[in-house]
Amino acid sequence: MPSVTSLTIAPAVRDAVASGAAVVALESAVITHGLPKAAAMDAVRQQWAACMKANVTPAVVGVFEGQLRVGLTIDECAALAGRTDAVKVSPWNLAAGTVSPGFGGTTVAATMVAATRAGIRVVSTGGIGGVHPGDGQDVSSDLTELGRQPVCVVCAGPKSTLDAGATLERLETLGVPVIGWRSSLLAGFLATSAGLRLPARAETVDDLASILSRHWDLGGAGVVVSQPLPGELAIPRAELAGDDATTARGPDRTPAELSRLQARLGDRVIRANVALLERNAALASLVALALNTRV
Numbered sequence: 004m005p006s007v008t009s010l011t012i013a014p015a016v017r018d019a020v021a022s023g024a025a026v027v028a029l030e031s032a033v034i035t036h037g038l039p040k041a042a043a044m045d046a047v048r049q050q051w052a053a054c055m056k057a058n059v060t061p062a063v064v065g066v067f068e069g070q071l072r073v074g075l076t077i078d079e080c081a082a083l084a085g086r087t088d089a090v091k092v093s094p095w096n097l098a099a100g101t102v103s104p105g106f107g108g109t110t111v112a113a114t115m116v117a118a119t120r121a122g123i124r125v126v127s128t129g130g131i132g133g134v135h136p137g138d139g140q141d142v143s144s145d146l147t148e149l150g151r152q153p154v155c156v157v158c159a160g161p162k163s164t165l166d167a168g169a170t171l172e173r174l175e176t177l178g179v180p181v182i183g184w185r186s187s188l189l190a191g192f193l194a195t196s197a198g199l200r201l202p203a204r205a206e207t208v209d210d211l212a213s214i215l216s217r218h219w220d221l222g223g224a225g226v227v228v229s230q231p232l233p234g235e236l237a238i239p240r241a242e243l244a245g246d247d248a249t250t251a252r253g254p255d256r257t258p259a260e261l262s263r264l265q266a267r268l269g270d271r272v273i274r275a276n277v278a279l280l281e282r283n284a285a286l287a288s289l290v291a292l293a294l295n296t297r298v
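Numbers given in the working numbering equal positions in the sequence shown, counted from 1, plus 3.
Set out below in structure tokens:
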């Protein structure tokens with residue numbers, strides 16, 4: 004068991020992992036940097052409810068009171084959402100973030116690191132980070148950790164402001180499979196599709212579990228499951244394009260770009276984001292249950 008000085012696992016999560024019960028890890032950068040507080044908490048509660056409905060333990064990951072925590076409570080999530088000093092935490096600043104300010108929302112990358120150490124194999128998020136438009140040098144550490152950590156990440160594709168084609172190419176280079184859930188096209192985050200074909204798709208949760216198990220048996224690391232938003236919930240791709248590039252760089256870039264998108268398209272962005280988070284948590288829960296039948 005990891006030292007409590009580096010990682011703290013909530014008793015309910017520890018007991019579930021130890022007993023072989025299904026657990027889904029949930030990232031918290033969406034709470035601190037992705038959505039307004041009210042919408043963020045709505046998203047947390049909907050993801051939590053989706054997991055519980057499937058009899059799966061939700062494990063929100065975050066930096067709280069100087070520790071990397073796996074299994075924040077709803078009240079702790081609310082406290083994290085209300086902090087103005089919370090940082091966006093990825094592996095590169097994870098140690099520093101636990102020291103000062105001691106509170107942070109974990110990206111997909113940091114959530115994968117914590118999930119692996121806690122014995123959790125399935126992570127649910129909204130959209131993964133990836134390659135930003137431009138010279139290809141601004142790349143999310145989500146992709147690096149997908150190439151390292153043996154974890155399945157259920158998402159709605161790369162975030163809408165990214166270069167989806169370059170992101171897909173980078174994942175291929177890293178040996179990370181991207182599996183379309185009942186679709187042969189890469190999900191477009193807030194849009195239904197990014198318009199890019201995927202080499203693999205799955206029609207059933209058993210198919211997904213089979214691919215994951217074989218991938219890990221063969222020594223593979225991360226896997227992305229791409230679940231598209233239905234048309235009635237999604238925003239057309241043409242409406243998501245057209246924003247001028249932000250001057251922000253590094254960890255501030257994606258929040259700034261999503262903020263600009265929200266300012267232009269209004270609450271439609273929030274509604275779509277909350278919907279895809281809930282849907283991804285529901286699918287991730289089914290994947291976690293299916294994997295447990297193969298242990």
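Backbone N, C-alpha and C fix where the C-beta goes; we use that ideal spot for every residue, glycine too.
Computed from a predicted structure; not experimentally measured.
Asked                                                                                                                                                                                          : Found
Distance check for Pro239 and Pro5, CA to CA, integer angstroms please.                                                                                                                        : Any reading at Pro5 must be qualified, since the residue scores a pLDDT of 43, below 50, and its modelled position is unreliable; the value itself is stated next. Each residue's Cα considered, the two are about 45 Å apart.
Going straight from the alpha carbon of Glu260 to that of Ser103, what length do you get?                                                                                                      : 26 Å
Relative to the alpha-carbon of Ala119, which residue among Cys80, Arg72, Gly178 has its alpha-carbon at the smallest distance?                                                                : The amino acid occupying residue 119 in the given sequence is Thr; Ala does not appear at that position. Out of Cys80, Arg72, Gly178, Arg72 has the C-alpha closest to the C-alpha of Thr119.
Could you tell me which whole alpha helix (DSSP H) segments of length 4 or greater appear in the region 34 to 77?                                                                              : 40 to 56
Could you check the C-alpha separation between Val7 and Ala287 for me, to the nearest Å?                                                                                                       : Confidence at Val7 is low in this model, with a pLDDT of 42, below 50, so its placement is unreliable and the value that follows should be read with caution. Near 27 Å, if we compare the C-alpha coordinates of Ala287 and Val7.
Suppose contacts are defined by Cβ-Cβ distances below 7 Å. Is Ala167 in contact with Leu199 by that definition?                                                                                : yes
Please report the distance separating the alpha-carbon of Leu177 from that of Gly223.                                                                                                          : 10 Å
If you run the structure through DSSP and keep just helix, strand and coil, what is Thr300?                                                                                                    : Residue 300 lies beyond the stretch modelled for the chain, which goes from 4 to 298, so this question has no answer here.
To test your reading of the DSSP string, which unbroken beta strand (DSSP E) runs of 3 or more residues are found completely within the region 110 to 145?                                     : 125 to 127
Pull the bridge partners of Val156 from the DSSP assignment, please.                                                                                                                           : Val126, Val227
Can you tell me whether Ala21 is buried or exposed, with buried defined as 16 or more other CB within 10 angstroms of its CB?                                                                  : exposed
Got a sec, what are the start and stop residues for the beta strand (DSSP E) Ala205 sits in?                                                                                                   : 203 to 205
Which stretch, first to last residue, makes up the beta strand (DSSP E) that contains Gly183?                                                                                                  : 181 to 184
Starting from the C-beta of Ala278, find all residues in its chain whose C-beta is less than 6 Å away, skip the five residues before and the five after it, and write them out in chain order. : Leu236
Going by the beta-carbon positions, is the gap between Leu83 and Ile34 smaller than 7 Å?                                                                                                       : yes
What separation, rounded to the nearest whole angstrom, lies between the Cα atoms of Val181 and Thr164?                                                                                        : 19 Å
Please state the DSSP three-state secondary structure of Ala244.                                                                                                                               : coil
Exposed or buried, what is Leu264 when buried is set at 16 or more other beta-carbons lying within 10 Å of its beta-carbon?                                                                    : buried
What did DSSP end up calling Gly191 once you bin it into helix, strand or coil?                                                                                                                : strand
Tell me which residue opens and which closes the alpha helix (DSSP H) that Ala237 is part of.                                                                                                  : No alpha helix (DSSP H) contains Ala237, which DSSP labels as neither H nor E.
In chain order, what residues of the same chain have a beta carbon less than 6 Å from the beta carbon of Val116, not counting five sequence neighbours either side?                            : Pro94
Determine which residues share a DSSP beta bridge with Val277 and list them.                                                                                                                   : None, per the DSSP bridge assignment.
From the DSSP output, in three-state form, read off Met4 for me.                                                                                                                               : Per-residue confidence for Met4 stands at a pLDDT of 43, beneath the threshold of 50, marking its modelled position as unreliable; no derived number is given.
Is it buried or exposed, Asp270, if we count other Cβ atoms within 10 angstroms and call 16 or more buried?                                                                                    : exposed
Thinking C-alpha only, which one of Gly69, Val92, Val47 is nearest Ala62?                                                                                                                      : Val47
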